[in-house]
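Below you'll find the structure, written out as structure tokens, and then a few comments.
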Amino acid sequence: MSYFTFDGKNVFYEESGVGTPLLLMHGNTASSKMYNEISKRYASDFNVIMIDFLGHGRSDRLSEFPTDLWFYEAQQVISFLRYKDYKNVYIIGSSGGAIVALNVALEAPELVGKIIADSFEGEKADKRFTRQLIMDRNKAVNDDAARGFFEYMHGSDWKNIVENDTEAIIRHEKEIGNFFHKPLSELKADLMLTGSKKDSFMYKISDNYYETVYSQILKQIPHGKMHLFESGDHPAFITNSLLFYDISMDFFN
19 MSYFTFDGKN VFYEESGVGT PLLLMHGNTA SSKMYNEISK RYASDFNVIM IDFLGHGRSD
79 RLSEFPTDLW FYEAQQVISF LRYKDYKNVY IIGSSGGAIV ALNVALEAPE LVGKIIADSF
139 EGEKADKRFT RQLIMDRNKA VNDDAARGFF EYMHGSDWKN IVENDTEAII RHEKEIGNFF
199 HKPLSELKAD LMLTGSKKDS FMYKISDNYY ETVYSQILKQ IPHGKMHLFE SGDHPAFITN
259 SLLFYDISMD FFN
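Using our numbering, the first residue of the sequence shown is number 19, and each one after it goes up by one.
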């Protein structure tokens, strides 16, 4: 297992394949394990990199997640790319990992070539999203399937991680709101936004959730584009994995 050091702590990463670096970045309460099978598809064309953000998976733990969580995770990625001397990398970030991906490209544009930002909240925290997330998290900790997922992602201390994450999301929505420190109009990397029209979480919040939120983002990024899958759930990267692979390869090539 490989690690790099950030903020005095060990961050786990794993690489496989050869070619242009392709980062697969997990979302909130998940870890790189969620991409174990999917990563194999990309490894014949790319140097696939998976990272466990601090506090998750096989990385060192945090007693509390920072309020500006996704920006903090982006700093970990930037540190890793500079440590490895990688430039013009491709990124697929799903859910919270999509917010991290966009932060990386805004803060260090020289490091990123193309981004697929999948199944995420949008430019700013949405109070409706936070309310729905709290309800879903309260149900999840008592659901055997969800508990099994969390334990597979992190190990026996999964509950602390879920609680830390939920608290950080609540604080961020109340105290910060915006996910990005720079205007999205400054994004230089090629961008594709993806999601599923059957995303049971997002479409509980409002009808046409991705259509509305992504359209607002693309008004600021004219060189970006959107692809919404007719089926699948949250995130589209996992629930539409075969179709997603084909579309992502077209975009990257």
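The C-beta atom is built at its ideal place from N, Cα and C for all residues, glycine as well.
Item to check | Identity of the residues DSSP links to leucine 202 by a beta bridge | outcome: Leucine 202 is not bridged to any residue.
Checklist entry - Who pairs with serine 20 in a beta bridge, going by DSSP? => result Tyr31
Next on the checklist: Do serine 112 and serine 214 have their beta-carbon atoms positioned less than 9 Å apart in this structure?
Outcome noted: no
Item to check | Under 9 Å between C-beta atoms of serine 49 and glutamate 33 | outcome: no
Checklist entry - Counting pairs of Cβ atoms below 8 Å between the region 128-143 and the region 203-214, do you hit three or more? => result yes
Item to check | Inter-residue spacing [alpha-carbon to alpha-carbon] between aspartate 154 and isoleucine 239 | outcome: 32 Å
Item to check | Secondary structure of asparagine 196, DSSP reduced to three states | outcome: strand
Next on the checklist: Quick check: what's the CA-CA separation for phenylalanine 167 versus phenylalanine 247?
Outcome noted: 24 Å
Checklist entry - Who does glycine 213 pair with in a DSSP beta bridge? => result Leu246
Item to check | Close beta carbons around glutamate 193, own chain, < 7 Å, minus the five adjacent residues each side | outcome: Thr85
Item to check | Residue nearest to glutamate 125 in terms of C-alpha spacing, selected from Thr148, Arg100 and Arg149 | outcome: Arg100
Item to check | Under the three-state DSSP convention, the category valine 66 falls into | outcome: strand
Next on the checklist: Nearest by alpha-carbon distance to asparagine 258: which of Ile56, His241 and Gly37 is it?
Outcome noted: Ile56
Checklist entry - Got a sec: is the Cβ-Cβ distance from phenylalanine 30 to anything in chain D below 9 Å? => result The structure shown contains no chain D; it is built from a single protein chain.
Item to check | Per-residue burial, lysine 222 [other beta carbons within 10 Å of its own, 16 or more giving buried] | outcome: exposed
Item to check | beta strand (DSSP E) runs contained entirely in the region 71-154, provided each spans 3 or more residues | outcome: 107-112 and 130-136
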